[in-house]
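Down below is the structure, laid out as structure tokens.
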Amino acid sequence: MNGNETMTLFQKNYLRSLKQRRRRIQAARILIFVLFLLLWEAAVRLGWIDGFIFSSPSRVTNAFLGMWADGSILRHTGVTLMETLISFALVVLLGAGCAVLLWYHTTLSEVFEPYLVILNSLPKSALAPLLIVWLGANLKSIIVSGVSVAIFGTILNLYTGFKEMDPDSCKLIYTLQGSKKDVLVKVILPGTLPLLISVMKVNIGLCLVGVVIGEFIGAREGLGYLILYSSQVFKLDWLLLSIVILCVIAVLLYGILSLLEKKCAHLGY
Numbered sequence: 158m159n160g161n162e163t164m165t166l167f168q169k170n171y172l173r174s175l176k177q178r179r180r181r182i183q184a185a186r187i188l189i190f191v192l193f194l195l196l197w198e199a200a201v202r203l204g205w206i207d208g209f210i211f212s213s214p215s216r217v218t219n220a221f222l223g224m225w226a227d228g229s230i231l232r233h234t235g236v237t238l239m240e241t242l243i244s245f246a247l248v249v250l251l252g253a254g255c256a257v258l259l260w261y262h263t264t265l266s267e268v269f270e271p272y273l274v275i276l277n278s279l280p281k282s283a284l285a286p287l288l289i290v291w292l293g294a295n296l297k298s299i300i301v302s303g304v305s306v307a308i309f310g311t312i313l314n315l316y317t318g319f320k321e322m323d324p325d326s327c328k329l330i331y332t333l334q335g336s337k338k339d340v341l342v343k344v345i346l347p348g349t350l351p352l353l354i355s356v357m358k359v360n361i362g363l364c365l366v367g368v369v370i371g372e373f374i375g376a377r378e379g380l381g382y383l384i385l386y387s388s389q390v391f392k393l394d395w396l397l398l399s400i401v402i403l404c405v406i407a408v409l410l411y412g413i414l415s416l417l418e419k420k421c422a423h424l425g426y
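Residue numbers (my numbering): 158 to 426.
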């Protein structure tokens, strides 16, 4: 067996060990989740905890089936998902646009950067009641609430990434008589695509949080409204069901963006 064959065999064994390790991790994750559900259900049935207060997997499942039958859970989930996607799209477009504007005009960035830092540090939940007063208890205020949670961090992260882009490549463009627009199109935007996707992965969860905060205050449908309503009437099965669906939505949206990130990496971005 020559050196190349030995190396190939070593690589195959290494890749096989990686696959086995990933499978073990996935199995451990599933096992922990199943054991948690079984322990939760057993604790309620054996009287260790009050099922009315803590609910149980079977009660949550029955609540889901009942709300599925009358279509209410689909309506609430669809409203929250729609509001989240609109907020997320606005955050990506406005965040990227403002970051480009700040990078393109240095004076503008020097003026507004302190304000962006302050607004990014502000607890966004404090703004939700104010948004309801300004905009009314409607779809607009909920979407603005979702946008406000993520927009300032997006601008700052992307703007920082633009500034830290490969300076040698930028100098080369300028040396070849290129303009700042050429640097933006040929270096900055392609080079920061991985950063944009990374920021998007964080923002999708933040937008969901912002939308739920807005629904707590000014909605008549949506999972945030369902959580608030169910807590007021002590239908805690509905409350936990809403939380579970929010977790599923967050995981699915994050997974879609992770697939997009892998696709861009495969294409060499």
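Even glycine gets a Cβ: it sits at the ideal position worked out from N, Cα and C.
All values reported here derive from a predicted model rather than from experimental measurement.
Unbroken alpha helix (DSSP H) run spanning residue i, endpoints
{"i": "residue 303", "result": "296-320"}
{"i": "residue 281", "result": "Element bounds for residue 281: n/a, residue is neither H nor E."}
{"i": "residue 232", "result": "229-261"}
{"i": "residue 207", "result": "Here residue 207 belongs to no alpha helix (DSSP H), and DSSP marks it neither H nor E."}
{"i": "residue 381", "result": "380-389"}
{"i": "residue 293", "result": "Run containing residue 293: none; DSSP gives neither H nor E here."}
{"i": "residue 370", "result": "350-375"}
Reduced DSSP category for residue i - H, G, I as helix; E, B as strand; rest coil
{"i": "residue 214", "result": "helix"}
{"i": "residue 177", "result": "helix"}
{"i": "residue 202", "result": "helix"}
{"i": "residue 334", "result": "coil"}
{"i": "residue 392", "result": "coil"}
{"i": "residue 323", "result": "coil"}
Contact set for residue i: own chain, Cβ-Cβ below 6 Å, skip 5 residues either direction
{"i": "residue 309", "result": "273, 276 and 277"}
{"i": "residue 247", "result": "304"}
{"i": "residue 165", "result": "none"}
{"i": "residue 158", "result": "Only weak support is given to the placement of residue 158: the predicted model assigns it a pLDDT of 49, under 50, and the value that follows is read from those uncertain coordinates. Excluding sequence neighbours, residue 158 sits near nothing in its chain."}
Proximity of residue i and residue j at Cβ, strictly below 9 Å
{"i": "residue 467", "j": "residue 410", "result": "Nothing in the structure corresponds to residue 467, since the chain is present only between 158 and 426."}
{"i": "residue 252", "j": "residue 360", "result": "yes"}
{"i": "residue 255", "j": "residue 345", "result": "no"}
{"i": "residue 414", "j": "residue 328", "result": "no"}
{"i": "residue 289", "j": "residue 240", "result": "no"}
{"i": "residue 285", "j": "residue 302", "result": "yes"}
{"i": "residue 171", "j": "residue 260", "result": "no"}
Residues of its chain near residue i, where Cβ-Cβ distance is below 7 Å and the 5 sequence neighbours each way are ignored
{"i": "residue 215", "result": "198"}
{"i": "residue 417", "result": "354"}
{"i": "residue 244", "result": "300, 303, 304, 364, 367 and 368"}
Same chain, Cβ closer than 8 Å to residue i, neighbours up to 5 away in sequence not counted
{"i": "residue 349", "result": "315, 318, 319 and 322"}
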